[in-house]
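Taking the numbering used here, the leading residue of the sequence shown gets 10, the next gets one more, and so forth.
Here is the structure we will look at.
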Amino acid sequence: MTKRYDMVIRNGYTVTDREKVKQDVGIVNGKIVTLGEIPEMGIREIDAEGLLILPGGIDAHCHIEQKSSSGIMTADDFYSGSVSAAFGGTTTLLPFAAQHRGQTLRDVVDDYMARAKPKAVIDYGFHLIISDASDAIIGQELPAMIEDGITSFKIYMTYNDLKLSDYEILNVLAAARREQAMVMIHAENHDVIRWITDKLLDQGCGAPKYHAIAHARIAEKEATHRAISLAELLDTPMLIVHVSSEAALNEIRRGQERGLKIYGETCPQYLFLTIDDLDKDGMDGAMFCCSPPPRDKESQEAIWEGLIDGSFTVFSSDHAPYRYDSSGKLAAGPKPTFDKIANGVPGLEIRMPLLFSEGVMKGRMDIHRFVEVTSTNAAKTYGLYPQKGTIAVGSDADLALWDTEKQVKISASALHDNMDYTPYEGMVATGWPTTVISRGRIVIENEELKVERGSGQYLKRARPDAAKPLGRLVPEMDPNKNFDAKFI
Ligand code: URP
Ligand code: ZN
Ligand code: ZN
10 MTKRYDMVIR NGYTVTDREK VKQDVGIVNG KIVTLGEIPE MGIREIDAEG
60 LLILPGGIDA HCHIEQKSSS GIMTADDFYS GSVSAAFGGT TTLLPFAAQH
110 RGQTLRDVVD DYMARAKPKA VIDYGFHLII SDASDAIIGQ ELPAMIEDGI
160 TSFKIYMTYN DLKLSDYEIL NVLAAARREQ AMVMIHAENH DVIRWITDKL
210 LDQGCGAPKY HAIAHARIAE KEATHRAISL AELLDTPMLI VHVSSEAALN
260 EIRRGQERGL KIYGETCPQY LFLTIDDLDK DGMDGAMFCC SPPPRDKESQ
310 EAIWEGLIDG SFTVFSSDHA PYRYDSSGKL AAGPKPTFDK IANGVPGLEI
360 RMPLLFSEGV MKGRMDIHRF VEVTSTNAAK TYGLYPQKGT IAVGSDADLA
410 LWDTEKQVKI SASALHDNMD YTPYEGMVAT GWPTTVISRG RIVIENEELK
460 VERGSGQYLK RARPDAAKPL GRLVPEMDPN KNFDAKFI
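Here you go:
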């Protein structure tokens, strides 16, 4: 028999955001070329009997080989980060290329390209982080980056060295609207956090648990409302990242109910951690400090609900790996006050298995919705669909073969990142991706990495349809109604 296929996967069920089908998958040159019964042999034959074949995950929010605005380097580089992601069923990474004030965007992107190219084992693109919203950056540099395929970027409403004013945010939104790029926003009210922080520190309340008090829910809710209002004013789609509270989620829902293109993202820490984790002995709570912080049990439930009912568009890790030592969480000293603790938690590898286990296996979440929030929607939101995020003829053969019976006890020592802790130590996941394939290459098999450093490819992304403006201006901005003035 002629071997027409590089690889054929047989006997498994393919699962997309829409359907589950028992069919073979034929792969040539890294692409899916046939779905259905395949009589011909592949050069490589994979038996997926008893396994589910899902699209490889897309982690659309992670910090890899990135220096924070306060100068702390993440523990993962593009090798350890991409290996860890692959072991958890992710085949595409969209980390940040972070601008520090004073840097040109071209320099930033060149820098991150050089970091990732020799190391990444799966495919990757970048979102920019824009911390300098000067006219030159927004007017000239940003459009050039978008043209080059970096079609999304994150901006911040808090953090001293990242925060943009509302005026600057409007300039950024206007540029995103013109260029059809996706704006991601970290929505927390800076002055509310700063004010509560000062009061707490004045009273000697510096322990990690006070991080969650300072980053009050109302700071998140107010900023989310404001961000959505600014987006509405300029008719610009926007994605609110790492949503932690019901109040912020409800702001997103209200925007969506009004027909706005407002998208939301949440992350494992808001499903599986609570404020009690920040109240561990000594400094141990530092391991759980991220912004916004984990809240209470009721918030967890509300976030689950938003993930299940379609209010959230994507589920990302927000992997921000700072070790629990002087290189990371404790860089400011052995007992820093909460405001000096590096923000972020790791989660690249457990992102999908924990959601699969607690959501799909426990019957809370439909498996198609799982595929949607961990893969398909990220591809659609960030200009990668249908190359990524689905199982279809013509798509990249990015696949994860899930064994729904495999049980894994989460422990830092067994994960493949470069961290010295995991916030999820001891949790048991039922269901794990045992074979992971990226562009037709087996990346993970038999619990081993099978590809070389640098074998991942850079993804130049399209302008996402999701970022198309509605074409519906609020009356004040409409030049036909307002003395011919034109704002956008
Ligand atoms: O605490 C967090 N989420 N740290 C990472 C940086 C960010 O804002 O996403
Ligand atoms: Zn953020
Ligand atoms: Zn983040």
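Backbone N, C-alpha and C fix where the C-beta goes; we use that ideal spot for every residue, glycine too.
A distance criterion of 6 Å places the beta-carbon of H70 beyond contact range of ligand 2, judged by its closest non-hydrogen atom.
Between ligand 3 and D86, a heavy atom-to-CB distance of less than 6 Å is absent. Short note on D26: C-beta not closer than 6 Å to any heavy atom of ligand 3.
The DSSP assignment places no complete alpha helix (DSSP H) segment of no fewer than 4 residues inside the segment 281 to 315. For K218, the CB contacts under 8 Å within the same chain, skipping 5 residues up- and downstream, are I284, L287, D288, G294 and F347 in chain order. Per DSSP, G90 lies in no beta strand (DSSP E) segment; the continuous alpha helix (DSSP H) that holds it begins and ends at F87 to F96.
The count of Cβ pairs closer than 8 Å, one atom from the segment 218 to 230 and one from the segment 191 to 200, reaches three, so the stretches are in contact. If you draw a straight line from the Cα of V130 to the Cα of N491, it comes to about 54 Å. Residue range R226 to L242 is occupied by the alpha helix (DSSP H) that includes A228. The residue among A225, P473, S325 and I376 with its C-alpha nearest the C-alpha of V354 is S325. Residue range R360 to L364 is occupied by the alpha helix (DSSP H) that includes M361, with no beta strand (DSSP E) assigned at that position. A Cβ-Cβ separation of about 18 Å leaves K172 out of contact with H136 under the 8 Å criterion. Judged by DSSP in its simplified three-state form, G368 adopts helix.
Note on L364: 16 or more other CB atoms within 10 angstroms of its CB, so buried under the neighbour-count rule. Judged by pairs of C-beta atoms under 8 Å, the segment 325 to 343 does not touch the segment 391 to 399, as fewer than three such pairs exist. Rounded to the nearest whole angstrom, the CA to CA distance from G45 to R115 is 45 Å. In this structure, the beta-carbon distance from G134 to L468 falls below 7 Å. As DSSP reads the structure, Q416 sits in a beta bridge with T439.
In this structure, the C-beta of D327 approaches ligand 3 to less than 6 Å from one of its heavy atoms.
In this structure, the C-beta of C214 stays at least 6 Å away from each heavy atom of ligand 1.
When beta bridges are read from the DSSP output, I18 appears opposite V34 and I55. In the three-state DSSP reduction, L468 falls in the coil class, being neither helix nor strand. At least one heavy atom of ligand 2 falls within 6 Å of the beta-carbon of H195. Burial state of G111 is exposed, judged by a 10 Å Cβ sphere holding fewer than 16 other Cβ atoms. Fewer than three Cβ pairs drawn from the segment 331 to 340 and the segment 36 to 56 lie within less than 8 Å of each other, which leaves the two stretches out of contact.
Between the alpha carbons of P345 and I202 lies a gap of roughly 17 Å. In this structure, the alpha-carbon of D119 lies about 13 Å from that of P127. At least one heavy atom of ligand 1 lies less than 6 Å from the C-beta of N352.
Within the same chain, and ignoring the five residues on either side of Y165 in sequence, the residues whose Cβ sits closer than 6 Å to its Cβ are L171, K172 and H195. When C-alpha distances from E156 are compared across P473, D487, E485 and F496, the shortest belongs to P473. Taking T167 as reference, the option from Y22, G465, Q278 and P301 with the minimal CA-CA separation is P301.
Taken atom to atom, the span from the alpha-carbon of R462 to that of D487 is near 52 Å.
Within 6 Å of the C-beta of S447 there is not a single heavy atom belonging to ligand 1.
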